[in-house]
Ligand SMILES: O=C(O)CCC(=O)C(=O)O
Ligand SMILES: [Fe+2]
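Now the structure itself:
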């Protein structure tokens, strides 16, 4: 599950939008600029054997996660061939007839966000036209996780038949992103001034869904249609692979839309709501959207990494105090995921 739906309250500028997680936000202009500063963080040091190197990159991630909730990650160590292959598989899948794609319609699996959702079935911001994107989602599978201790639990994903190599290629990339995200979790712990292994117990069986997305070029104006409307993500953090088309936009604290222009070979990483809750708002889960005006088809592949569903989304010790008590009710990751997934799916107009 990836995002929360929003309801627009006033269409004129400034526009005020309410998120499904209860927050409200306003933006002053609907036009994105290149002016924002999304930090570019060199990830090579996350693999260093020296704790000082890992701590140095953690401090950069601390600032980015606190101030904007978004950063680029370069030199992350994942061979580009995995991303290229996943993008090829995305093109292949989305080129199938809709009837074939609907064999794995996301509505077939209650309480989970897996399978296919067709073009124009959501309208996350209540714009004049439905969001112009389609997606295929799949979930963590212990059998595809080299570190899984318990391989008995079946994965909830559904897969199209007669598409040899599709599942294999997507999991090949997923497995690489899983390893990177586990490593990053230790770096996030350092960033929160906790021991590096603080979250290890949470990520033995993590929430680790992924999706491929297809955004045709939009014909309607950005005032009337989104590719994916403004939202925040659900889990701890998201690692986005995007192609060269561009179109991902991030809402700055001042209410301006900033373009997250593609940097070849990099990931865009963003903090999501579960981490915001656990860090008591120290990490910010930033609103983002996609509008594809590039003149070409856009494909992307976000990987959503979160903690074990059975664990409580408890506050981390460095983010609460007598003066700064926990702002959120504590529930398990699974309860939160289910609530958000159902809120999202209820707004699907293709029941
Ligand atoms: O396509 C992208 O670049 C981002 C998609 C996204 O925000 C999501 O799926 O939650
Ligand atoms: Fe998102």
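In UniProt numbering, the protein residues as written are 1 to 351. The beta carbon of each residue, even a glycine, is placed where N, CA and C say it ideally should be.
Counting only runs that start and end within the region 47 to 131, where is the beta strand (DSSP E) found for 3 or more residues in a row?
70 to 74 and 115 to 117
At which residues does the beta strand (DSSP E) containing residue 173 begin and terminate?
What you label residue 173 is simply residue 173 of the chain shown in a count that begins at 1. Run containing residue 173: none in the beta strand (DSSP E); it sits in the alpha helix (DSSP H), 166 to 191.
Hey, is residue 38 close to ligand 1, as in C-beta under 7 Å from one of its heavy atoms?
Numbered from 1 along the chain shown, position 38 holds the residue referred to as residue 38. No, ligand 1 has no heavy atom inside 7 Å of this Cβ.
Under 8 Å by Cβ, that's how I've got residue 64 and residue 249 pegged, so tell me the actual separation to the nearest angstrom.
Residue numbering aside, residue 64 sits at position 64 when the chain shown is read from its first letter. Residue numbering aside, residue 249 sits at position 249 when the chain shown is read from its first letter. The C-beta distance from residue 64 to residue 249 rounds to 17 Å, too long to meet the 8 Å contact threshold.
Is residue 347 a contact residue of ligand 2, with contact defined as CB to any heavy atom under 7 Å?
Counted from its first residue, the chain shown places residue 347 at position 347. With a cut-off of 7 Å, the C-beta of residue 347 is classified as distant from ligand 2, since no heavy atom of the ligand falls inside that distance.
Could you give the distance in angstroms between the alpha-carbon of residue 359 and the alpha-carbon of residue 149?
Residue 359 falls outside the range modelled here, since the chain spans only 1 to 351, and no answer is possible.
Three-state class that DSSP yields for residue 143 in the structure shown
Against the chain shown, residue 143 aligns to sequence position 143. If DSSP states are grouped into helix, strand and coil, residue 143 belongs with the helices.
Alpha-carbon to alpha-carbon, residue 297 and residue 214:
Taking the chain shown and counting its residues from 1, one reaches residue 214 at position 214. Taking the chain shown and counting its residues from 1, one reaches residue 297 at position 297. Looking at the two C-alpha atoms, the distance is approximately 7 Å.
Would you give the residue range spanned by the beta strand (DSSP E) that residue 300 belongs to?
Along the chain shown, one-based indexing puts residue 300 at 300. From DSSP, the beta strand (DSSP E) with residue 300 extends over 298 to 306.
Give every residue of the same chain whose Cβ lies closer than 6 Å to the Cβ of residue 186, excluding the five residues on either side of it in the sequence, and list them in chain order.
By 1-based counting over the chain shown, the position of residue 186 is 186. Listed in chain order, the non-local C-beta contacts of residue 186 below 6 Å within the same chain comprise 196, local neighbours out to five positions each way being set aside.
Tell me whether residue 243 sits in a helix, a strand or coil according to DSSP, three-state version.
The sequence position of residue 243 within the chain shown is 243, counting from 1. Correct three-state label for residue 243: coil.
For residue 202, which residues in the same chain have their Cβ closer than 6 Å to its Cβ, ignoring the five residues on either side in sequence?
Translated into the one-based positions of the chain shown, residue 202 becomes position 202. These residues qualify, in order along the chain: 307, 308 and 311.
Could you please give me the residues that DSSP links to residue 226 through a beta bridge?
For the purposes of this step, residue 226 is taken as residue 226 along the chain shown, with counting starting at 1. None; residue 226 has no bridge partner.
How big is the Cα-Cα spacing for residue 247 and residue 194?
In the chain shown, counting from the first residue as 1, residue 247 sits at position 247. In the chain shown, counting from the first residue as 1, residue 194 sits at position 194. Roughly 35 Å between the two C-alpha positions.
Output needed for residue 144: all residues of its chain with C-beta closer than 7 Å, excluding positions within five of it in sequence on either side, in chain order.
Locating residue 144 in the chain shown gives position 144, counting from the first residue. Once the five neighbours on either side are set aside, the close Cβ partners of residue 144 are 171, 174 and 175.
Exposed unless 16 or more other CB atoms sit within 10 angstroms - verdict on residue 243
The sequence position of residue 243 within the chain shown is 243, counting from 1. By the neighbour-count rule (16 or more Cβ atoms within 10 Å), residue 243 is buried.
So is the beta-carbon of residue 288 under 7 Å away from any non-hydrogen atom of ligand 2?
Position 288 of the chain shown, counting from 1, holds the residue named residue 288. Checking every heavy atom of ligand 2 against the Cβ of residue 288, one is found closer than 7 Å.
In three-state DSSP terms, what is residue 159?
Counting from one through the chain shown, the residue named residue 159 turns up at place 159. Looking at residue 159 - three-state DSSP - the assignment turns out to be coil, as it is neither helix nor strand.
Given a cut-off of 8 Å on the beta-carbon distance, is the pair residue 93 and residue 212 in contact?
Mapped onto the chain shown, residue 93 falls at position 93. Mapped onto the chain shown, residue 212 falls at position 212. Contact: yes.
Going by beta carbon distance, what residues of the same chain come within less than 7 Å of residue 236, once the five residues before and after it are set aside?
The sequence position of residue 236 within the chain shown is 236, counting from 1. Within the same chain, residue 236 has close Cβ partners 272, 274, 275, 305, 306 and 307.
Just checking residue 233 against ligand 1 - is the residue's beta carbon closer than 7 Å to any of the ligand's heavy atoms?
Position 233 of the chain shown, counting from 1, holds the residue named residue 233. Checking every heavy atom of ligand 1 against the Cβ of residue 233, one is found closer than 7 Å.
Please indicate yes or no: does the CB of residue 238 lie closer than 7 Å to some heavy atom of ligand 2?
Counting from 1 along the chain shown, the entry for residue 238 is found at position 238. Answer for residue 238: yes, Cβ within range of ligand 2.
Give the secondary structure of residue 331 by DSSP, where H, G and I count as helix, E and B as strand, and everything else as coil.
On the chain shown, residue 331 is found 331 positions in, with the first residue counted as 1. In the structure shown, residue 331 sits in coil (DSSP, three-state: anything other than H, G, I, E or B).
Quick check on the DSSP output: what are the complete beta strand (DSSP E) runs of length 3 or more inside the region 189 to 218, in order along the chain?
207 to 215
Report whether the distance from the Cβ of residue 68 to the nearest heavy atom of ligand 1 is below 7 Å.
Working through the chain shown from its first residue, we reach residue 68 at position 68. Not under cutoff, so the answer is no.
Among the residues of its own chain, which have a CB less than 7 Å from the CB of residue 190, if the five just before and after it don't count?
Counting from 1 along the chain shown, the entry for residue 190 is found at position 190. Around residue 190: 54, 55, 58 and 196.
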